[in-house]
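In the numbering used here, the protein residues as written are 95 to 649.
Inspection log for the structure reproduced underneath, given as structure tokens.
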Amino acid sequence: MSFEKILSHPEILAFLKEHKMKNPTSIQSQVIPDFIKGKSVNVIAKTGSGKTLTFALPICELLKEDEVNFPVTDKKSAFGKPRAVILAPTRELGLQLHKVFKSIAHHAKMRVRLLAGGEGAKTNHLLARDNIDILIATPGRLSSALKKKELNLKETKYIIMDEADQLLDLGFRRDLVNICGSTDSSLVHVGLFSATHSESLDEFCKSVLPEIEFTQYNSEEKNKLTQTVRTFNIYVTDKEKISMTEAFLKNQAKGNGIIFVNKHDTVDALMLELAPKFPKMKFHALHGEMDARARKKNYDRFLKEGGVLIATDIIARGMHIDELVWVMNYDLPFEAVYYIHRCGRVGRMSTEGFAYNLVTPKDVNIISRINEAIKNQSAIRLTSFDEGKFASVKAAAKPKASTRLDKKKKQLTDLKEKVFKKIRPSERKHLKTIKTSSTPRYKRNDKEVISAKKERSRRPTGKLDSKNSSVRPNKKINTRSDAKTSARPDSRSEKRIDTRSAAPRSAPRSAPRSAPRSAPKSAAKPASRPTSKPTAGRTNTKTNTGKSSKPTNKR
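Here you go:
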């Protein structure tokens, strides 16, 4: 079957002839005739099957027929009222669709406009004063323009949702409800196009578009890639990803390619790491956190200059990039469906493409989900993690250079070990340490303080205390040390007792006049009294054990 059998307008056929398109694909030959007849369609087909032309060609054909059958006399009344609306989930996909429709409009003489981020408020505001045949927009911008009453969809006949399942996944449901509610359901024809099936899309059609009957086109090759994609699984660890990517770019990478990652921080890190090491290669970054102008500038530069594009999944859906040879999954995607869309950027239009996957041990769970999503597609299946394969393709790990920070960390760990190290009793050094407020708690030792007090109490003070001649043992002293001291006689203590029992040459004035309460009543009085007269008044004296004796008035 040729295009001439399903399309009739000469200007559309001239476009096909210029681009050397003779025969439609299988999905095009099924959908185009039914859409021209006025049916609403829900199409699910594999990537690279020609879904864009499946809705672009019949829409242009129908609009050209309406110009002949229903000519517009008052052009001012048609300002801001597009005849067909094409919705795209991302700005990049909108730019691609705009380019396709522009190439058809070059022959068909139609006005195609783009409403997306980064175009500027003035450009979007001018749409309200313009005749629009085909409007390509993102849901957020179009919903905002409808609320401001800059656009009107009451006379819109055709609404196409490209990558319809992703439109719902990205949180555009509220905007889509607003857009569909702004149209005349009895007049509009809807086309849903995607590469993967989504249950949320079926629920959306039943709840938001209940009056529209969809004709289903579930291709047998849905959730698949073309057989021209060759896949290579490389087993690495997380630390070896950078070195393996560098080795790949140095030895294997040929032509233009895309490195897919999961997070925008990884995009910036890879740019800083790879760009200085490969000055001859051209690197471009693209992720959703970038400004709209920066995204447009980087993407246009990649299409013009080529090289390596480091991007998130923002570029994974629906994009057709000429002369793209390979893709690398630096991170396997969180959702198994995105693996199909990532690898679907290559191997399009019967050309050969290559997909390289960096597989780590933590990717075991996602591998099973990916293989479930791509059933009967042995060309891109991911094998489970194999330690043998992993060891055979390890990248050469570079020795880690020591820095000042590493030295500081080592010093800190050594200091912690010294402070908190548990010392055995045999290794403990018995140094005299005194508890003070300035002494750190970990340096205080109760046993050493007790032994120091005991030694001070045994020293002769020069005070006479005949009633308390012996030193009382301290209760806190270790029993082991007491046993050792009791085993050997101490000559110093005997001499001290003898000298205290004898009468001194001159008694001190502060000597006690009566025996303390602790002394027994039968204690003998001293042999001779001191010649010096005792002073009147109360006196407080301390014994060697630290206790004070109560004063008495007896003479």
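Don't be surprised by glycine CBs; every beta carbon is placed ideally from N, CA and C.
Small disclaimer: the values here were computed from a predicted structure and weren't measured.
Residue environment, residue i, which counts as buried when at least 16 other CB atoms sit within 10 Å
i	result
residue 265	exposed
residue 125	buried
residue 260	buried
residue 513	exposed
residue 591	Reliability fails at residue 591, whose pLDDT of 43 lies under 50, so the model's placement of it is uncertain and no value is given.
residue 186	buried
residue 412	buried
residue 435	buried
residue 129	buried
residue 192	buried
residue 459	exposed
residue 342	buried
residue 327	buried
residue 349	exposed
residue 205	exposed
residue 237	buried
residue 297	exposed
residue 400	buried
residue 132	exposed
residue 455	exposed
residue 629	With a pLDDT of only 46 at residue 629, under 50, the local geometry of the prediction cannot be trusted, and no value is derived from it.
residue 525	Caution is warranted here: a pLDDT of 48 is assigned to residue 525, below 50, making its placement in the model unreliable, and no coordinate value can be reported.
residue 113	exposed
residue 383	exposed
residue 256	buried
residue 407	buried
Cα-Cα separation, residue i to residue j
i	j	result
residue 398	residue 355	23 Å
residue 197	residue 464	37 Å
residue 375	residue 263	35 Å
residue 248	residue 232	19 Å
residue 489	residue 366	Per-residue confidence for residue 489 stands at a pLDDT of 39, beneath the threshold of 50, marking its modelled position as unreliable; the derived number appears in the next sentence. Rounded to the nearest angstrom, the two C-alpha atoms are 20 Å apart.
residue 422	residue 183	23 Å
residue 679	residue 380	Outside the shown range of the chain, which is 95 to 649, sits residue 679, and nothing can be said about it.
residue 424	residue 445	23 Å
residue 144	residue 123	11 Å
residue 462	residue 109	44 Å
residue 442	residue 141	8 Å
residue 393	residue 507	48 Å
residue 156	residue 288	22 Å
residue 363	residue 372	15 Å
residue 96	residue 153	18 Å
residue 353	residue 451	10 Å
residue 210	residue 420	29 Å
residue 200	residue 111	13 Å
residue 368	residue 115	40 Å
residue 271	residue 202	32 Å
residue 322	residue 118	19 Å
residue 357	residue 432	14 Å
residue 339	residue 415	22 Å
Own chain partners of residue i with C-beta closer than 6 Å, once the 5 adjacent residues on each side are dropped
i	result
residue 285	135, 149 and 254
residue 230	180, 188, 191, 192 and 208
residue 252	153, 178 and 283
residue 426	457 and 460
residue 234	269
residue 453	327 and 329
Contacting residues, own chain, Cβ-Cβ under 7 Å from residue i (five flanking each side not counted)
i	result
residue 396	378 and 403
residue 242	none
residue 307	134
Contact set for residue i: own chain, Cβ-Cβ below 8 Å, skip 5 residues either direction
i	result
residue 174	221, 222, 223, 224, 226, 244, 245 and 246
residue 168	none
residue 466	430
Residue i - containing beta strand (DSSP E), residue span
i	result
residue 440	No beta strand (DSSP E) holds residue 440; DSSP gives it neither H nor E.
residue 225	Note, residue 225: premise wrong, no beta strand (DSSP E); not H, not E.
residue 424	Unbroken run through residue 424: none, as it is neither H nor E.
residue 136	134 to 138
Unbroken alpha helix (DSSP H) run spanning residue i, endpoints
i	result
residue 120	120 to 130
residue 200	185 to 202
residue 405	Looking at the DSSP string, residue 405 is not in any alpha helix (DSSP H); the run it does join, the beta strand (DSSP E), is 402 to 405.
residue 338	335 to 345
residue 365	358 to 368
residue 146	145 to 163
residue 379	Premise fails: residue 379 lies in the beta strand (DSSP E), 377 to 380, not in any alpha helix (DSSP H).
residue 288	That residue, residue 288, is in no alpha helix (DSSP H); its beta strand (DSSP E) goes 283 to 288.
residue 263	258 to 263
Report task. Check whether the stretch 102 to 110 touches the stretch 268 to 277, taking contact to mean three or more Cβ pairs, one atom from each stretch, closer than 8 Å. Result -> no
Report task. Could you tell me whether the stretch 152 to 168 touches the stretch 302 to 312, using the rule of 3 or more Cβ pairs below 8 Å? Result -> Three or more Cβ pairs closer than 8 Å define a contact, and the stretch 152 to 168 falls short of that threshold against the stretch 302 to 312.
Query raised in the report: Within the chosen definition, does the stretch 384 to 396 reach the stretch 330 to 338 through at least 3 CB pairs nearer than 8 Å?
Result: no
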